[in-house]
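Single-structure report; data block below.
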Amino acid sequence: MKTRANFSTISLVALVVMSFTFMSCEQKVEGIKIAVAGPFTGNIAAFGEMIKRGAELRAKEINAAGGVNGKTLMLVFEDDAGKDKEASLVATRIATNRNILAVVGHFNSSCSLAGKPIYKRAGIVELSPGSTNVRVCEGSDWTFRNLYRDDFQGGFVAKYIKNVLTDIQKIAIFFDNDDYGRGLKDGFTNAAQKLGLDIVATEAYDRDNTDFKAQLTSIKAKNPDLVFISGLYSQAGLIASQAREVGITVQLFGADGVDSPGFLEIAGDAADGTYVSTPFVFELGGSEAQRVAKAFEAEYGVAPDTWAALTYDAVGMIVEAIEKGGENRKAIQKYLASMTTPEKGYEGITGLTYFDKNGDCIKPAYVKVVHDGKFVPAEKQMLDTEM
Amino acid sequence: MTQFLEQIINGLVLGGIYALIAVGYTMVYGIIQLINFAHGEIFMFGAYFAFFCVTTLGLSFWLALPISMLLCALMGMLIDFIAYRPLRNAPRLSALITAIGMSLVLQNLARMIWTAKLRKFPVETRPSFLVANKIILPGGAQLSFLDLFIIVLAIGLMIGLNRLIYLTKIGKAMRACAQNKVAANLMGINTNHVIAVTFAIGSALGAVAGVMVGLREVVEPTMGYYKGVSAFAAAVLGGIGNVTGAMLGGVILGIAEVLGAGYISSEYRVAIAYIIMILVIIFRPSGLLGKSTATRA
Amino acid sequence: MRVKLSTKIVILFIVVCLLPLLTYSADLLVQWASDRDISLPIPSGDYMLRILVQAYLYMLLALGLNIVPGFTGLLDLGYVGFYLVGGYTAGLLMARLGWSYWVAMPIAAVNGAIWGLLRGAPTLRLTGDYFAIVTFGFSELLFRVVKNEEWLIGGPNGFVTDIPAPNLLGHELYHYWQQYYHILILLILTIVVVHRLQHSRVGRAWAAIREDERAAESMGINLREYKSLAFAVSAAIGAVGGAFFAQFQVNISAGAFEFWESILILCMIVLGGMGSISGSIVGAAILGSLGELLRPFGGARYLIFGIILILMMRFRPAGLLSIRRHG
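Residue numbers (my numbering), protein chains in the order written: chain A, 1 to 387; chain B, 1 to 297; chain C, 1 to 327.
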């Protein structure tokens, strides 16, 4: 019967396709493999670009100096598009690939949170150079990060506004409705209220949205002195320019999600004067940071941003863990978990990183401001790390 | 009060946009009973065409707009020719699936070629007359020239379309085909030709909407999907197959969405469109104005 | 009902059941070789099992979706809605209330069926296009609710995490080989159920409805009953898939239940042949694997799916394996 013959051939085709899929796994080549997971596509791909370059620069330098234990360091880039659903899929993909020893990533808090239980089940380290939500390192021995948390960042921004931008009293918050935006909004609101600032409006937006005028009009009616944008650069850029179009003329303040050259590109003139909190500022870094910045610019033609720096350090930390701990997943985790004091910490270009029992670290926050279309360090910084 | 007025203005602008897109859906449905899923993507391509005209080619915005309209009209006709015409006599399911496939192809083509990066019309390329000026209405509400222009343009195009459909020969042919293709054919009307024109007009109007949204907001590959769904809901609301209905539906939906977003909850903005769509189909499938040309499915 | 099993199918079945053994041996082999400093280009067993698990899951979903358009001729564009219902029912019960999978899964299935009926009730009279639109709107609404209703879900974007795997005699069955048998059993059960339905009075009634609703009605077939049954069964299967997915992936979020997922599954049954069980399975196998293969190419995946849809409808609308002879 014709169907039988068809069935055999089609099934054969299906089987062939499936076997190809098996083979699509990274083949074992002599070398040390680390995965780097981040938003390499999607509307926040500017982050991914910097992350990729930061990682690649570090790998290049390491390999030029002899590699890891004499072996070539190879990076496997996995794209989560900034979405938690993709992150889950990427995490299972990475976790089942026995050649990958550790993960530098993810970037977005929701993605790191999505990966966390999967990495925990599989027993592979997740070291995030960008996730700030408070829950990211909770409940798992395998998750670490080398930057601050959002309860700290929220409090920091509130304190900065109170102490430095002294004529601000009424604040409107416009936040991205994901783990990061929400968590930071909560951190900020708590701290602001304790400091006696008034939160006159709190509006949420969806990252898929491109028209914010309805909510901005609503915010304008409440007459804030400052609008705090708790979200990522793409939407923040649109919000900034649309806010000006709607007639909001007051100060804008963004958090580290806004710290990207993409913000300047999208917001254009509207960006001028916007403050941004961030985990690192190259201009205020040490001599090693300057050297890396020059090397980065020589290699890629653009200046590195905060995320390139944090990724650069994260890769370095994993490599140190491999060299001093062992070439397997568990050894890496043990080594990182043992970095509990400043003496045992990692001195990188972004500062000294050491972990508490959760995998979080205490590092200062900086402030940048947009001046003439560029990010420059704000005049006044607040570098103490007390909450 | 000021806020309310400004929200209404936002709603009218959005409504104008939806109306422009909705007529595309409704005309195609009226004439070949196909939900052209790919129409939203044509809207999106319209925005991209104009964007690249002003940035890469350095043309004036006022030149980019008609160029984009032309390109989209061609694109619409091409899609009909390649994907839909061969299935003219196939079961409706097949055509619908093809339309979905087309939408997938176009959206991802855009995403692959241009990436998901948000693109804003650079300051120098925006028509300064429109962007820089605004009127202050009584009560303090601001109405930018751009918004005013969009509303006026939408109204003008709608009136023009109406004139076309009811007062010209080609419009008569379109109405005839919508009523009964076989009879129209027998009367000597080249139905394929007329259908192509329908696609062209719908696509050109979609392009206008795309360019305006691109200018006012941003250009990115998924814009067609979101606006498209809402516009489709507007078409359904007004009565799918009914051009005037599409216009009316567009305005109503635009205002409803904006008021909902501004006063109730911004998160359910698009949900308003879905809810209206479902309720209308279940309780009053012929929409507000019903199909102006008879035959029911 | 006697089903003739050809030897090919029996062999396939045996191989499928023993696959984890094969992958485990492969792992041992690689370890043996690596101890002697030889590296073999064989991926890890877990990797292969994971791909198979995902493929089987898609097969199960394809079978579920197949019921409505394939057996009754109505285009369901909102199938992902039931996948969502199952995933969240099971996910929330297990993660938030700590219920066992063995209880949560059947509840998810039943809940799915209920939602299937809920969606079906007002749409019984609707014809092709309108029905499709309502199914689309319905699943998108569910998606939006889950995405935004924090009080219900407890996290932004509908994020529910730490969903445990089923617990059998004290062991949490999360290892990939355990998941493999888990989904395999679910898949086989689904195949059996769908097959028996297809070759029963119910299946014949569905076929009659698909061919000509009015004629079927005049022959005494209660449209409402049979259509509702189709909706309920289809939805229940989707929900079962969702429940499995929730514990397999450990987290679920709104993003996994977008409209395009429905289209993907639709693509699978279109490719394989609507109305055909083996068609659904083969379509799912090919597209599921293709999806994974093309993962590094991002948008190209959906582009190819779109092209497949267009080409299939143009040149072979009955699908690759359709056994229905159509005019």
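Built from N, CA and C at the ideal position, the CB exists for glycine as well. Computed from a predicted model, the values in this text were never measured in an experiment.
Contact check, residue i vs residue j, beta carbons under 8 Å
i: Lys17/B; j: Ala273/B; result: The displayed chain sequence assigns Ile, not Lys, to residue 17/B. No, the Cβ-Cβ distance between Ile17/B and Ala273/B is not below 8 Å.
i: Phe143/C; j: Glu258/C; result: yes
i: Ala271/B; j: Ala22/B; result: no
i: Val13/B; j: Ile135/B; result: no
i: Tyr148/A; j: Met382/A; result: no
i: Gly116/C; j: Ser234/C; result: yes
i: Ala172/A; j: Lys222/A; result: yes
i: Asp305/A; j: Ser277/A; result: no
i: Phe61/B; j: Arg126/B; result: yes
i: Gly285/A; j: Ile239/A; result: no
i: Leu186/C; j: Ala132/C; result: no
i: Ile183/C; j: Tyr56/C; result: yes
i: Tyr225/B; j: Gln142/B; result: no
Bridge partners - residue i, DSSP secondary structure assignment
i: Met361/A; result: Going by the sequence as given, residue 361/A is Cys instead of Met. In DSSP, Cys361/A forms a bridge with Phe355/A.
i: Ile199/A; result: Ile171/A
i: Ala90/C; result: Note: Ala90/C sits in no beta bridge, so no partner.
i: Leu75/A; result: Ile34/A
i: Thr145/A; result: Correcting the residue type first, residue 145/A is Arg in the shown sequence and not Thr. According to DSSP, which records beta bridges pairwise, Arg145/A is partnered with Ser128/A.
i: Phe228/A; result: Ile173/A, Phe253/A
i: Tyr346/A; result: Thr353/A
i: Pro122/C; result: Looking at the DSSP assignment, Pro122/C forms no beta bridge with any residue, so it has no partner.
i: Ser144/B; result: Lys134/B
i: Val369/A; result: Tyr275/A, Val376/A
i: Ala104/C; result: In DSSP, Ala104/C forms no bridge with anything.
i: Tyr29/B; result: Answer is none; Tyr29/B lacks a bridge partner.
i: Ala204/A; result: Phe175/A
i: Ala73/B; result: Bridge partners of Ala73/B: none, in fact.
Residue i beta carbon near the ligand ZN (any heavy atom closer than 7 Å)
i: Ser260/A; result: Only the bare structure without any ligand can be found here, which leaves the ligand ZN out of the picture.
Per-residue burial, residue i [other beta carbons within 10 Å of its own, 16 or more giving buried]
i: Ile310/C; result: buried
i: Gly249/B; result: buried
i: Leu320/C; result: buried
i: Pro41/C; result: exposed
i: Arg291/A; result: exposed
i: Ile79/B; result: buried
i: Gly196/A; result: exposed
i: Met247/B; result: buried
i: Thr23/C; result: buried
i: Ala298/A; result: exposed
i: Asp167/A; result: exposed
i: Cys361/A; result: buried
i: Tyr268/B; result: buried
i: Arg119/C; result: buried
i: Ala297/B; result: Caution is warranted here: a pLDDT of 30 is assigned to Ala297/B, below 50, making its placement in the model unreliable, and the coordinate value is therefore given only provisionally. Ala297/B is exposed by the Cβ-count criterion.
i: Gly123/A; result: exposed
i: Met274/C; result: buried
i: Leu253/B; result: buried
Mind listing, in chain order, the continuous alpha helix (DSSP H) runs of no fewer than 4 residues lying wholly within the region 210-240 of chain C?
213-218
Tell me which residues of the region 294-321 of chain C have at least one Cβ-Cβ distance to chain B shorter than 9 Å, keeping chain order.
Phe297, Gly298, Gly299, Ala300, Arg301, Tyr302, Leu303, Ile304, Phe305, Gly306, Ile307, Ile308, Leu309, Ile310, Leu311, Met312, Met313, Arg314, Pro317
Write down every uninterrupted run of the alpha helix (DSSP H) in the region 148-178 of chain A whose length is 4 residues or greater and which is fully enclosed by it, in chain order.
150-163
So within the region 143-186 of chain C, which uninterrupted alpha helix (DSSP H) runs reach at least 4 residues, ignoring any that extend past its ends?
150-153
Within 9 Å of chain A by C-beta, residues of the region 249-262 of chain B in sequence order:
Glu257, Val258, Leu259, Gly260, Ala261, Gly262
Every unbroken alpha helix (DSSP H) inside the region 87-141 of chain B [4 residues or more]
92-114, 128-132
With 7 Å as the C-beta to C-beta threshold (strictly closer), list the residues of the region 80-103 of chain A near chain C in chain order.
Lys83, Asp84, Lys85, Ser88, Thr92, Thr96, Asn97, Arg98
Could you pull out every unbroken alpha helix (DSSP H) segment of at least 4 residues lying fully inside the region 232-315 of chain A, listed in chain order?
233-246, 261-267, 287-300
Near-chain C residues of the region 111-131 of chain A (beta-carbon distance less than 7 Å), N- to C-terminal order
Leu113, Ala114, Pro117, Ile118, Arg121
Taking any Cβ of chain B, which residues in the region 25-54 of chain A have a Cβ under 9 Å from it, in chain order?
Thr41, Gly42, Asn43, Ile44, Ala45, Ala46
Please identify, using Cβ separations under 8 Å, the residues of the region 260-279 of chain A that lie next to chain C, in order along the chain.
none
With 7 Å as the limit, tell me which residues of the region 155-187 of chain A have their beta carbon closer than that to any beta carbon of chain C; keep them in chain order.
Asn177, Asp178, Asp179, Arg182
The region 133-163 of chain B: which residues have C-beta closer than 8 Å to a C-beta of chain A, in chain order?
Gln142, Ser144
Residues in the region 118-142 of chain C with C-beta within 8 Å of chain B's C-beta atoms, listed in sequence order?
Pro122, Thr123, Leu126, Thr127, Gly128, Asp129, Tyr130, Ala132, Ile133, Val134, Gly137, Phe138, Glu140, Leu141
Any residues in the region 261-273 of chain C with a beta carbon nearer than 9 Å to a beta carbon of chain B? Which ones, in chain order?
Ile263, Leu266, Cys267, Val270
Contact residues within the region 186-215 of chain A, judged by C-beta distance below 8 Å to chain B:
Glu203, Ala204, Tyr205, Asp206, Asp208, Asn209, Thr210, Asp211, Lys213, Ala214, Gln215
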